[in-house]
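Residue numbers (the working numbering): 3 to 263.
The following block contains the structure:
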């Protein structure tokens, strides 16, 4: 069970983690694990029955699949739907937002909450998206390394989801920004050096060079190359000097939610 799921459960919700029939984990305590045999409306309507909220945790790639989840949740009487977000906007998410707004306007008992928690920080350390190599004590910095970005631990992401569900009126039909911390690449390197007691080797690259190389990768075939290109484009999106794409000038909603890391 993921740390995020544990956090939601500990706060007091009864959690149903829905899986396809071929991938059913062991459930315990107040974690239920119903399964569906096919990604069809009827199966999800049955699984969603009696639930107050649905948190969609699958990849945000398929807008149509999320729309199916929205329809199933609405038909089952679900009051709150949280789409697969946890990061800033991409095109498919805008399409889904239009769909959610339409459904909530026509069904007053149904609402949505979108949440951005910035980078999943533990995940970035294992995938390389943070550009910090804890084993080799090396780091690759894009541009000046002074662009600020949001990041969250897995534990904090779970706590943010639980807090949003616990405060439905405050978060109704809202885009919520929450984060464990806001930092720069240079600040993280200094922190890493302090924790490890060693000087790290730092190399620097221009965001524009990384972007061009990633776009060339996307033109090539194969999922591995596409994933690598995505990771590099994500880095450009977050770390590009002056872009301000990830950490907006406004603060997070942590204080409004009384949410602390």
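Glycine included, each C-beta is placed from N, C-alpha and C at the ideal position.
- Judged by their CB atoms, residue 241 and residue 187 are nearer to each other than the 8 Å cut-off.
- Residue 177 places its beta carbon 8 Å or farther from that of residue 154.
- Residue 156: not part of any beta strand (DSSP E); member of the alpha helix (DSSP H) spanning 156-168, first to last residue.
- Residue environment analysis places residue 203 among the exposed positions, since fewer than 16 neighbouring C-beta atoms fall within 10 angstroms of its C-beta.
- With a cutoff of 8 Å on beta-carbon distance, residue 162 and residue 261 are scored as near each other.
- Residue 121 is bridged by DSSP to 153.
- For residue 114, DSSP records a beta bridge to 83.
- Within the same chain, and ignoring the five residues on either side of residue 169 in sequence, the residues whose Cβ sits closer than 7 Å to its Cβ are 259.
- Comparing alpha carbon positions, the residue from 180, 174, 201 and 53 closest to residue 135 is 201.
- Taking a contact to require three or more Cβ pairs closer than 8 Å, the segment 130-144 and the segment 203-213 qualify as touching.
- Residue 243 has its alpha-carbon roughly 13 Å from the corresponding atom of residue 212.
- Shown here for residue 78: same chain residues with a beta carbon closer than 6 Å to its own, the five before and five after excluded, namely 47, 50 and 51 in chain order.
- Leaving aside the five residues that flank residue 56 on each side, the residues in its chain whose CB is nearer than 8 Å to its CB run, in chain order, 50, 71, 75, 80, 82, 83 and 84.
- Residue range 55-57 is occupied by the beta strand (DSSP E) that includes residue 56.
- In the DSSP assignment, residue 135 is bridged to 140.
- For residue 207, the pairing in a beta bridge is given by DSSP as 144.
- Annotation: the continuous alpha helix (DSSP H) that includes residue 197 extends over 187-198.
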